[in-house]
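The listed protein sequences correspond, in order, to chains A and B.
Going by my numbering, the letters in the first sequence line up with residues 33 to 146, in that order.
Going by my numbering, the letters in the second sequence line up with residues 372 to 484, in that order.
Using N, Cα and C, we set each Cβ at its ideal position, and we do this for glycine too.
For clarity, every value in this text was computed on a predicted model and none was experimentally measured.
Okay, so here's the structure we're looking at.
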Amino acid sequence: ILNVEQSPQSLHVQEGDSTNFTCSFPSSNFYALHWYRWETAKSPEALFVMTLNGDEKKKGRISATLNTKEGYSYLYIKGSQPEDSATYLCAFIRITDSWGKLQFGAGTQVVVTP
Amino acid sequence: DSGVTQTPKHLITATGQRVTLRCSPRSGDLSVYWYQQSLDQGLQFLIQYYNGEERAKGNILERFSAQQFPDLHSELNLSSLELGDSALYFCASSVDGGRETQYFGPGTRLLVL
Numbered sequence: 033i034l035n036v037e038q039s040p041q042s043l044h045v046q047e048g049d050s051t052n053f054t055c056s057f058p059s060s061n062f063y064a065l066h067w068y069r070w071e072t073a074k075s076p077e078a079l080f081v082m083t084l085n086g087d088e089k090k091k092g093r094i095s096a097t098l099n100t101k102e103g104y105s106y107l108y109i110k111g112s113q114p115e116d117s118a119t120y121l122c123a124f125i126r127i128t129d130s131w132g133k134l135q136f137g138a139g140t141q142v143v144v145t146p
Numbered sequence: 372d373s374g375v376t377q378t379p380k381h382l383i384t385a386t387g388q389r390v391t392l393r394c395s396p397r398s399g400d401l402s403v404y405w406y407q408q409s410l411d412q413g414l415q416f417l418i419q420y421y422n423g424e425e426r427a428k429g430n431i432l433e434r435f436s437a438q439q440f441p442d443l444h445s446e447l448n449l450s451s452l453e454l455g456d457s458a459l460y461f462c463a464s465s466v467d468g469g470r471e472t473q474y475f476g477p478g479t480r481l482l483v484l
């Protein structure tokens, strides 16, 4: 994989259900992976910075895992609420860009319906 | 509120004109990044400054330039504007480095008519 890919592009979730989606990135030259949450008409809000293979991070009902050897990260939302509706972006940093150039995926748009 | 401020929020101008977008980073952050979000593209990195010096360039057009001042605020200058320059321009700041969280400002929406 050459670029950052996110799947699915969008998903609809019933309130109370849990969901997860994927960020795939080049497994070589890994330096860091960032997750952002982006609500309409707002700016991207940082969720996690993941740096080590096997990393697991949690913030409230949202958690993320990282597998640098195979080049993927999962984001989980447990017990989805309408306020979780947003586009979730992942951004990859290569070791050659360790100063901080984020290479963004296209995002997964999550819509939570009551 | 991320602590990063950007002005103006909206800008409407004509082709051929020049505009300046301004960004003030969070207190204590030395790095400033500029990103562009066009209608049909994801967030694209433009340029980064660290403590007043240019650190890296991405897909930034020659018509665009930026600088970071001694007080650490940054300006992005866009000249000879074209219709395709219409986009949302974000500034982000971090303490330093790729393992630090980047905090995004509210963005400047530029419309070139």
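Quick check: the segment 116-132 of chain A against the segment 68-76 of chain A, are at least 3 beta-carbon pairs closer than 8 Å? yes
Just verifying my parser: in three-state terms, what is the DSSP assignment at glutamate 71(A)? coil
Distance between beta carbons of valine 483(B) and serine 457(B), contact taken as under 8 Å: 5 Å
Identity of the residue in Leu107(A), Gly137(A), Val144(A) nearest valine 116(A) by Cα: Here residue 116(A) is aspartate; the residue named in the question, valine, does not match the sequence. Checking every option, the nearest Cα to that of aspartate 116(A) belongs to Val144(A).
Cutting at 6 Å between CB atoms, please list the residues of its own chain near phenylalanine 435(B), excluding the five before and the five after it. Leu449
So, using beta-carbon positions, are lysine 89(A) and methionine 82(A) closer together than 9 Å? yes
What do you get for alanine 437(B), buried or exposed, if any count of 16 or more other CB atoms within 10 angstroms of its CB means buried? buried
So glycine 476(B) packs on threonine 376(B), CB below 8 Å; how close in whole Å? 6 Å
Where does threonine 386(B) sit, in a helix, a strand or coil, going by DSSP? coil
Using beta-carbon positions only, say whether leucine 392(B) and leucine 447(B) come within less than 9 Å of one another. yes
Close Cβ partners of glutamate 102(A) (< 8 Å) along its chain, the five nearest in sequence each way excluded: Ser59
Members of the segment 393-420 of chain B that neighbour chain A once the beta carbon cut-off is set at 7 Å: Ser402, Tyr404, Gly413, Leu414, Phe416, Gln419
Round the Cβ separation of threonine 140(A) and serine 42(A) to the nearest angstrom and send it over; I've been treating them as touching at under 8 Å. 7 Å
Can you check whether the C-beta of glycine 476(B) is within less than 9 Å of a C-beta belonging to chain A? yes
In angstroms, rounded to a whole number, what distance separates the CA positions of leucine 65(A) and lysine 428(B)? 20 Å
What number of angstroms, rounded off, separates the C-alpha of glycine 111(A) from the C-alpha of valine 45(A)? 10 Å
Rounded to whole angstroms, what's the CA-CA distance from lysine 27(A) to threonine 472(B)? Just pull it up for me. No information on residue 27(A) is available, as it lies outside the stretch 33 to 146 that chain A covers here.
Excluding the 5 residues preceding and the 5 following proline 441(B) in the sequence, name in chain order all residues of the same chain whose CB lies nearer than 8 Å to its CB. Gly423
Among Asn85(A), Trp70(A), Asn52(A), Leu84(A), which has the Cα closest to the Cα of phenylalanine 136(A)? Trp70(A)
Is the Cβ of glycine 469(B) closer than 9 Å to any Cβ of chain A? yes
Buried or exposed, going by whether 16 or more other CB atoms sit within 10 Å of the CB of serine 373(B)? buried
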